[in-house]
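Undergrad:
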Amino acid sequence: MTLQNAPPGLDYERDKRFSKSFKEMVAACLVKDPKKRPTSEKLLKHQFFKNARSYDYLARTILDGFASLGERFRVLKVSCLLFLLNL
1 MTLQNAPPGL DYERDKRFSK SFKEMVAACL VKDPKKRPTS EKLLKHQFFK
51 NARSYDYLAR TILDGFASLG ERFRVLKVSC LLFLLNL
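Quick note: the sequence shown uses our numbering, first residue 1, plus one each step.
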């Protein structure tokens with residue numbers, strides 16, 4: 001299907017929240033001809049990755065959005081019990 005159709009891409013009008021460098025990087029990855037796509041080594045040199053935050057910052061930011069493991073387990077346990085009670 002993709003061989004005959006245009007390659008997939010971002011909806012640039014709808015997705016205005018994406019930076020210019022992100023859009024350029026995604027467009028480069030979605031080039032139809034694999035020979036024309038950048039290598040992983042070249043992608044890592046792209047401006048999008050050069051300006052990216054450190055791994056530590058990203059991990060902290062992502063993990064800060066999650067409830068603690070104990071809280072997630074408690075919620076799962078309650079959900080399972082409620083499900084079993086409704087059988």
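Cβ atoms here follow ideal geometry from the backbone N, Cα and C, with glycine treated the same way. Since the structure is predicted, the reported quantities are computational estimates derived from the model, not experimental observations.
Would you check if there are 3 or more beta carbon pairs closer than 8 Å linking the segment 76-83 to the segment 49-63?
TA: Touching, no.
Undergrad: Under the three-state reduction of DSSP, which class applies to Thr39: helix, strand or coil?
TA: Translated into positions along the sequence shown, residue 39 becomes position 39. Residue state, collapsed to three classes: coil.
Undergrad: Please classify Phe18: does DSSP put it in a helix, a strand, or coil?
TA: In the sequence shown, residue 18 corresponds to position 18, counting from 1. Here Phe18 sits in coil by DSSP.
Undergrad: Could you please give the first and the last residue of the uninterrupted alpha helix (DSSP H) stretch that includes Phe49?
TA: For the purposes of this step, residue 49 is identified with residue 49 of the sequence shown, where counting begins at 1. That run of the alpha helix (DSSP H) goes Gln47 to Lys50.
Undergrad: Taking 8 Å as the threshold (C-beta atoms), are Pro8 and Leu43 in contact?
TA: Counting from 1 along the sequence shown, the entry for residue 43 is found at position 43. Counting from 1 along the sequence shown, the entry for residue 8 is found at position 8. No. Outside cutoff.
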